[in-house]
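Remarks on the structure that follows.
Number of protein chains: 4
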Amino acid sequence: MSDPTKHILLMDGPDRKGLIYHVTGVLYRHNLNIIHNAEYVSPAGHFFMRTEFEGLFDSDALLSELHSAMPDPSHDTENIVDVPDDMTDRHNITFRLNPKRRKKIVVMVTKEHHCLGELLIRYAFDELDADILAVVSNYNLLQPLVSKFGIPFHHVSHEGLSREEHEAAILRTLSIYEPEYLVLAKYMRVLTPAFVNHFPNRIINIHHSFLPAFVGANPYRQAYERGVKIIGATAHFVNNDLDEGPIIAQSVQEVDHRHTATDMATKGKDVEKIVLSQALKLVFSDRVFISGNRAIVL
Amino acid sequence: MSDPTKHILLMDGPDRKGLIYHVTGVLYRHNLNIIHNAEYVSPAGHFFMRTEFEGLFDSDALLSELHSAMPDPSHDTENIVDVPDDMTDRHNITFRLNPKRRKKIVVMVTKEHHCLGELLIRYAFDELDADILAVVSNYNLLQPLVSKFGIPFHHVSHEGLSREEHEAAILRTLSIYEPEYLVLAKYMRVLTPAFVNHFPNRIINIHHSFLPAFVGANPYRQAYERGVKIIGATAHFVNNDLDEGPIIAQSVQEVDHRHTATDMATKGKDVEKIVLSQALKLVFSDRVFISGNRAIVL
Amino acid sequence: MSDPTKHILLMDGPDRKGLIYHVTGVLYRHNLNIIHNAEYVSPAGHFFMRTEFEGLFDSDALLSELHSAMPDPSHDTENIVDVPDDMTDRHNITFRLNPKRRKKIVVMVTKEHHCLGELLIRYAFDELDADILAVVSNYNLLQPLVSKFGIPFHHVSHEGLSREEHEAAILRTLSIYEPEYLVLAKYMRVLTPAFVNHFPNRIINIHHSFLPAFVGANPYRQAYERGVKIIGATAHFVNNDLDEGPIIAQSVQEVDHRHTATDMATKGKDVEKIVLSQALKLVFSDRVFISGNRAIVL
Amino acid sequence: MSDPTKHILLMDGPDRKGLIYHVTGVLYRHNLNIIHNAEYVSPAGHFFMRTEFEGLFDSDALLSELHSAMPDPSHDTENIVDVPDDMTDRHNITFRLNPKRRKKIVVMVTKEHHCLGELLIRYAFDELDADILAVVSNYNLLQPLVSKFGIPFHHVSHEGLSREEHEAAILRTLSIYEPEYLVLAKYMRVLTPAFVNHFPNRIINIHHSFLPAFVGANPYRQAYERGVKIIGATAHFVNNDLDEGPIIAQSVQEVDHRHTATDMATKGKDVEKIVLSQALKLVFSDRVFISGNRAIVL
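Chains as they are written, first to last, in numbering that gives the first Met the number 0: chain A, 0 to 297; chain B, 0 to 297; chain C, 0 to 297; chain D, 0 to 297.
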């Protein structure tokens with residue numbers, strides 16, 4: 000029997016009539032009390048639900064009963080257009096009961112310290128909902144900072160290596176830790192699709208953003224030259240393009256013509272580190288689902 | 000039979016186990032498809048739910064079955080501490096099915112036009128989800144604006160009248176229209192509790208707000224003298240204090256020392272009118288519930 | 000002699016040593032009191048100054064003396080790299096004394112009313128610092144709104160016309176009014192460089208903006224599909240690309256996955272109209288200078 | 000002779016005609032080039048100016064000439080109503096030339112680490128424009144964090160001491176370091192006016208803020224119960240009330256009914272630490288002047 004604290008059930012599958020009814024019915028018959036429930040149905044007909052509940056139960060029995068209770072889709076298939084790959088029962092519905100609360104992560108950085116410092120301080124005071132197993136960098140500049148917090152630091156230089164060789168070296172280092180998530184805390188090298196495919200929807204990146212967006216080198220210089228009045232940052236999952244993928248969180252700050260490109264970068268860093276931290280908090284508390292190229296925060 | 004477009008069910012009552020299950024079960028047995036469902040349980044144990052669904056049904060039968068399906072609270076009453084007054088069944092649970100979508104409102108103003116103008120333009124283009132039956136003012140300054148839009152304008156002067164006499168005159172005017180909501184779009188007189196009690200949770204006010212808050216006359220002057228860097232506005236229900244009551248929406252804008260008190264007021268008005276409009280949109284689409292002194296937006 | 004109220008002096012030219020000193024010296028010798036002074040020197044070495052002052056003076060004498068007082072650039076030319084075209088004295092320095100306070104503008108629209116309605120209400124209450132001489136549209140949809148405010152409305156349809164023919168027709172209409180500024184209040188057709196060149200830095204546009212930016216048709220749909228958490232709007236001068244040119248003002252609002260593309264567009268419109276109005280206020284009070292592709296707000 | 004890098008001149012005194020002219024004249028005659036100049040005249044007639052310039056000069060000669068060049072106020076005294084106490088010449092005008100760029104500060108904390116951690120990381124990477132001489136706390140909870148960064152930590156417990164005795168103990172510790180500024184990075188004890196008077200306009204505090212403001216214990220609980228939609232933070236100088244004094248910087252974040260009081264506090268901390276850091280950056284770069292109860296940021 001689980002202990003009687005708060006539990007979390009995540010559910011994900013093609014939408015059909017009665018899903019909420021059948022799931023809540025199983026919880027009701029087990030005498031479990033729903034504290035918070037949030038659902039979302041995508042326009043493409045995919046159903047997402049996150050349920051917080053309390054009470055005593057047997058996990059295997061509950062999961063088994065949940066699967067059995069699912070309504071037969073045969074009479075109600077016209078909506079199903081968005082079938083993900085990771086389905087786990089005959090109805091293509093995935094249940095996850097009490098996903099592990101402390102995620103295991105590796106942080107990847109290059110030279111900038113602002114996001115890393117933020118994560119280390121939060122980790123030191125147990126505010127991250129995750130364990131930082133290690134920090135990996137293509138430079139050794141941030142080793143002194145990491146060592147203050149007693150966390151392994153791996154300098155995996157890219158010098159003299161092809162992109163594939165460098166990524167292979169990183170993967171060897173990561174294989175020591177088997178992290179559930181990679182956090183790119185200003186890791187400034189483009190990752191190959193082959194690398195990204197090792198961590199589907201498990202790589203989180205922070206990216207400066209502007210209105211309008213500036214592509215190419217030195218975006219803060221471009222933003223300055225265009226005279227933007229707002230700068231921002233975007234935390235997102237990485238799929239096959241470093242700066243693309245479902246957006247988890249965004250925020251902005253105002254600037255004006257008195258800000259130099261350097262001032263904008265300084266203010267931008269403040270936004271970046273807070274947005275990254277807030278995005279990680281959402282992901283690590285299992286509140287984020289992915290629907291196509293969108294992140295749904297329940 | 001209702002037509003097969005989107006329907007809304009609102010539910011409100013003391014929390015107990017199985018509420019979601021029993022309600023969604025009734026909808027399932029009627030072959031109705033839930034499009035969107037949002038619940039909230041207050042810390043005091045009150046349950047709120049807003050359900051959007053589609054399908055054909057008989058309203059009386061559905062409501063009757065919903066009431067019958069409610070679980071018996073006798074075994075599960077320990078949580079019930081927050082019982083509102085408007086309960087409608089033996090379980091103290093209120094259901095509202097398809098609340099009328101176009102609300103009937105009267106707008107009250109004094110001399111400032113910015114919020115009124117905003118509402119009139121939105122109304123003229125059918126963006127308000129409400130019918131403005133009339134505008135009532137203690138001055139006649141805004142009559143020309145209102146007349147452009149073909150809406151009755153009532154000048155109910157307070158001159159020479161006691162507060163009670165003036166409110167009695169306003170109530171006589173309002174009795175012509177029987178509005179569901181009163182919108183105080185910069186109505187600058189304090190309302191008595193007796194007046195407010197005629198419209199429980201049905202008066203919406205817009206109020207300038209600051210960090211920190213300034214009490215008393217000429218708040219923009221006070222904000223200027225304190226050198227605030229942010230000004231804002233708050234849309235809220237009115238209970239017994241003009242500037243108190245559950246907060247529906249808030250927003251802010253940045254200012255700096257170059258802004259005079261007048262500049263701050265000008266920027267503040269921009270915030271006020273947008274926040275008021277966005278709050279009305281939420282209320283008139285039946286997304287706002289009141290829990291104690293909080294407004295829950297589902 | 001001018002009357003003793005507040006006056007404005009605008010100055011613009013290649014930077015050199017002593018500019019502030021010499022200008023303020025002329026004002027001092029005329030016994031004029033500076034209330035507010037703001038300068039900006041661009042990285043390219045261009046100097047901008049906006050001075051508010053009070054006192055009695057003869058305009059011609061003051062301007063003549065200002066020109067005479069300018070330091071000889073011959074010893075100090077190494078910085079001059081950014082020479083604009085509209086210089087008016089031997090030192091390439093432009094002075095503008097008391098630019099006319101009420102600008103004459105024509106507003107151009109297509110079908111959307113939100114920005115136009117905002118401008119009309121502000122104009123009706125004399126808050127625009129400008130006279131709306133006329134509204135020009137390629138549709139007649141907004142004629143009823145404009146007529147409420149007693150302003151000429153010109154329907155210049157583009158049907159059956161080439162882009163050049165249509166713009167020629169618009170120019171004929173504009174020639175009646177000789178506006179100082181064109182305000183594109185959701186005018187949804189691309190303007191040719193030839194048209195834009197008739198109004199250098201005198202066309203102001205409002206553009207939706209996102210983090211990241213979305214190019215092409217239906218940006219709100221694209222923003223929705225990417226799951227953005229922030230939407231915004233940008234008011235800018237138009238040069239040769241409808242959506243480019245110096246940025247005057249920007250603002251944002253938060254959204255989340257529960258917002259449909261339509262909801263995002265609705266919230267976006269609220270931002271658009273306020274940003275456009277605030278940008279116009281800055282331009283019409285002669286606070287905006289253009290430096291390269293940047294708008295400097297003094 | 001000073002080296003030919005950027006210099007800063009701060010000026011502060013009763014407004015009169017010709018101040019900008021006379022100061023810029025001295026710089027011009029010394030062949031110094033003004034890079035950036037910002038002035039402000041308070042409604043009460045006090046003049047503030049911050050000038051950045053470059054070139055070679057003798058500091059004593061320059062300051063002496065600046066004082067000599069000031070216009071005689073005898074003919075122009077009607078505006079002088081706001082005379083501060085720290086005047087340094089016969090005209091009551093203060094000049095400060097090249098104020099020391101790295102300030103010496105002591106940080107005071109109680110139990111919360113978020114602001115302190117932020118300052119330590121910035122300090123470790125030389126981003127603070129100040130040296131943290133020591134950290135003083137009435138608890139020893141944050142000693143391990145501080146020691147990671149090699150900074151002295153003083154635990155000055157208040158237990159068993161009167162407020163005056165405790166403050167005397169703190170002052171003894173501070174006397175070792177003679178800090179120019181005290182930074183209250185979530186120091187949660189009220190300071191007496193006697194203590195504050197030791198550091199006039201040299202104590203900077205960070206304070207949570209709300210719309211509306213909540214007075215008394217547990218403001219996040221109050222904010223939650225009122226259902227606020229925005230939370231914020233205010234960095235300000237401390238005068239005789241811990242939560243009052245000129246406001247340097249403010250910022251906000253959005254929340255909604257799904258945020259518990261704890262969630263609000265968590266988000267509030269993110270705002271607090273960024274606002275405090277940004278305020279310190281402004282103060283330590285000598286951009287902040289105090290006018291009455293307002294902070295002017297030039």
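Glycine included, C-beta positions come from ideal geometry on N, C-alpha and C.
Please read these numbers as outputs of a predicted model, since none were measured by experiment.
For R162 of chain D, which of helix, strand or coil comes out of DSSP? Stepping through the fourth sequence from its first residue, residue 162 of chain D is reached at position 163. In the structure shown, the three-state DSSP call for R162 of chain D is helix.
Could you pull the DSSP bridge partners for Y180 of chain C from this structure? Within the third sequence, the letter at position 181 stands for residue 180 of chain C. Y180 of chain C pairs with C:I104.
Whole angstroms are fine: how far does the CA of K99 of chain B sit from the CA of I177 of chain B? Locating residue 177 of chain B in the second sequence gives position 178, counting from the first residue. Locating residue 99 of chain B in the second sequence gives position 100, counting from the first residue. The question names Ile, yet the displayed sequence has Glu at residue 177 of chain B. When rounded, the distance between both Cα atoms is 15 Å.
Whether V303 of chain A touches V287 of chain A by CB criterion (8 Å): Here chain A has residues from 0 to 297 only, and residue 303 of chain A is not among them.
Measure how close the beta-carbons of R257 of chain D and R293 of chain B come, nearest whole angstrom, since I'm counting them as under 8 Å. Residue mapping note: residue 257 of chain D aligns to position 258 of the fourth sequence, counting from 1. Residue mapping note: residue 293 of chain B aligns to position 294 of the second sequence, counting from 1. Incorrect: roughly 12 Å between the Cβ atoms, too far for contact.
Proximity below 8 Å, CB of L279 of chain B to CB of L127 of chain B: Position 280 of the second sequence, counting from 1, holds the residue named residue 279 of chain B. Position 128 of the second sequence, counting from 1, holds the residue named residue 127 of chain B. Yes, the Cβ-Cβ distance between L279 of chain B and L127 of chain B is below 8 Å.
With which residues is H206 of chain D paired in a DSSP beta bridge? By 1-based counting over the fourth sequence, the position of residue 206 of chain D is 207. Residue pairing by DSSP places H206 of chain D opposite D:T233 in a beta bridge.
Taking contact to mean at least 3 C-beta pairs separated by less than 8 Å, is the stretch 128-146 of chain A in contact with the stretch 105-112 of chain A? The answer is yes - the stretch 105-112 of chain A touches the stretch 128-146 of chain A, with three or more Cβ pairs under 8 Å.
Below 8 Å CB to CB, which residues in the same chain sit around I289 of chain A once its five sequence neighbours on both sides are set aside? Looking up residue 289 of chain A in the first sequence gives position 290. These residues qualify, in order along the chain: N200, F236, P245, I295.
Skipping 5 residues on each side, what residues in its chain have a beta carbon closer than 7 Å to that of T172 of chain C? By 1-based counting over the third sequence, the position of residue 172 of chain C is 173. Listed in chain order, the non-local C-beta contacts of T172 of chain C below 7 Å within the same chain comprise V135, H153, V155, local neighbours out to five positions each way being set aside.
With DSSP run on the structure shown, which of helix, strand or coil describes V135 of chain B? By 1-based counting over the second sequence, the position of residue 135 of chain B is 136. If DSSP states are grouped into helix, strand and coil, V135 of chain B belongs with the strands.
Excluding sequence positions up to five away, which residues of its chain have a Cβ less than 8 Å from the Cβ of L141 of chain C? For this step, residue 141 of chain C is matched to residue 142 along the third sequence. Here the set comprises V108, K110, H112, L115, V134, F152.
Does F288 of chain D get closer than 8 Å to chain A when you measure Cβ to Cβ? For the purposes of this step, residue 288 of chain D is taken as the residue at position 289 of the fourth sequence. Output row for F288 of chain D: interface = no.
For R95 of chain C, three-class secondary structure by DSSP: Counted from its first residue, the third sequence places residue 95 of chain C at position 96. Correct three-state label for R95 of chain C: strand.
In DSSP terms, what V287 of chain A is bridged to: As a first step, residue 287 of chain A must be located in the first sequence, where it is residue number 288. The partner list for V287 of chain A (beta bridge, DSSP) reads A:V296.
Taking CB distances under 8 Å as the criterion, tell me whether V108 of chain D reaches chain B. Here the question's residue 108 of chain D lines up with position 109 in the fourth sequence. So, not an interface residue.
I'd like to know whether the C-beta atoms of G12 of chain D and N91 of chain D end up nearer to each other than 8 Å. Taking the first residue of the fourth sequence as position 1, residue 12 of chain D is located at position 13. Taking the first residue of the fourth sequence as position 1, residue 91 of chain D is located at position 92. Going by C-beta atoms, G12 of chain D is nearer than 8 Å to N91 of chain D.
Spatially closest choice to V254 of chain A from A:N239, A:I230, A:I273, by CA coordinates: The residue labelled residue 254 of chain A in the question sits at position 255 within the first sequence. Measuring from the Cα of V254 of chain A, the nearest candidate turns out to be A:I230.
Supposed close pair D14 of chain A, H45 of chain A - CB separation, criterion 8 Å: Along the first sequence, one-based indexing puts residue 14 of chain A at 15. Along the first sequence, one-based indexing puts residue 45 of chain A at 46. Going by Cβ atoms, the distance from D14 of chain A to H45 of chain A rounds to 6 Å, so yes, they are a contact pair.
7 Å Cβ cut-off: residues of chain D touching H256 of chain B: Locating residue 256 of chain B in the second sequence gives position 257, counting from the first residue. Within chain D, the residues near H256 of chain B are Y39, R293, I295, V296.
Is Y39 of chain D helix, strand or coil by DSSP? Taking the fourth sequence and counting its residues from 1, one reaches residue 39 of chain D at position 40. Strand at Y39 of chain D.
Using three-state DSSP, classify G17 of chain B as helix, strand or coil. Numbered from its first residue, the second sequence carries residue 17 of chain B at position 18. Three-state result, G17 of chain B: coil.
Kindly indicate if chain C contains any beta-carbon less than 8 Å away from that of A123 of chain B. Within the second sequence, residue 123 of chain B is the residue found at index 124, counting from 1. So, interface residue.
Since L297 of chain A contacts R49 of chain A with CB under 8 Å, what's their CB separation in whole angstroms? Along the first sequence, one-based indexing puts residue 297 of chain A at 298. Along the first sequence, one-based indexing puts residue 49 of chain A at 50. Correct: roughly 4 Å between the Cβ atoms.
Is the beta carbon of Y223 of chain D closer than 8 Å to that of A193 of chain D? The residue given as residue 193 of chain D occupies position 194 in the fourth sequence. The residue given as residue 223 of chain D occupies position 224 in the fourth sequence. No, the Cβ-Cβ distance between A193 of chain D and Y223 of chain D is not below 8 Å.
Helix, strand or coil: how does DSSP classify P218 of chain C here? Along the third sequence, read from residue 1 onward, the residue named residue 218 of chain C stands at position 219. The three-state secondary structure of P218 of chain C, taken from DSSP, is helix.
Chain B contacts made by the stretch 6-23 of chain A, where a contact means CB separation under 7 Å: K16, G17, I19, Y20, T23
Going along the chain, which residues of its own chain have a beta-carbon closer than 8 Å to the beta-carbon of I33 of chain A, five neighbours each way excluded? If you number the first sequence from 1, residue 33 of chain A lands on position 34. If we look at I33 of chain A and ignore the five residues flanking it on each side, its Cβ neighbours are T23, L26, T50, E51, F52.
First through last residue of the beta strand (DSSP E) which encompasses I150 of chain B: Taking the first residue of the second sequence as position 1, residue 150 of chain B is located at position 151. Following the DSSP letters along the chain, one finds I150 of chain B in no beta strand (DSSP E), marked with neither H nor E.
For G267 of chain D, which residues in chain A fall below 7 Å Cβ to Cβ? Within the fourth sequence, the letter at position 268 stands for residue 267 of chain D. In chain order: nothing, as chain A lies at least about 12 Å away.
If you count every other CB in all the chains shown that lies within 10 Å of the CB of D125 of chain C, and 16 or more means buried, which is it? Start at 1 with the first residue of the third sequence, and residue 125 of chain C comes out as number 126. The residue is exposed, with fewer than 16 neighbouring Cβ atoms inside 10 Å.
What is the DSSP secondary structure of D81 of chain B, counted as helix, strand or coil? Position 82 of the second sequence, counted from the start, is the residue given in the question as residue 81 of chain B. Note that D81 of chain B scores a pLDDT of 45, beneath 50, so its modelled location is shaky; the value from the coordinates is reported in the next line. Under the three-state reduction of DSSP output, D81 of chain B falls in the coil class, being neither helix nor strand.
Length of the line joining the Cα atoms of E163 of chain D and F283 of chain B: Walking along the fourth sequence from the start, residue 163 of chain D turns up at place 164. Walking along the second sequence from the start, residue 283 of chain B turns up at place 284. About 57 Å.
Among the candidates D:F148, D:A167, D:G267, D:Y20, whose CA atom is the shortest distance from the CA of H157 of chain D? Taking the first residue of the fourth sequence as 1, we reach residue 157 of chain D at position 158. Minimum Cα distance to H157 of chain D is reached at D:A167.
Are the C-beta of L281 of chain A and some C-beta of chain D separated by less than 8 Å? The residue labelled residue 281 of chain A in the question sits at position 282 within the first sequence. No, its Cβ sits nowhere closer than 8 Å to a Cβ of chain D.
Using three-state DSSP, classify E59 of chain A as helix, strand or coil. One-based indexing of the first sequence puts residue 59 of chain A at position 60. Rather than Glu, the amino acid found at residue 59 of chain A in this sequence is Asp. D59 of chain A: helix per DSSP, three-state reduction.
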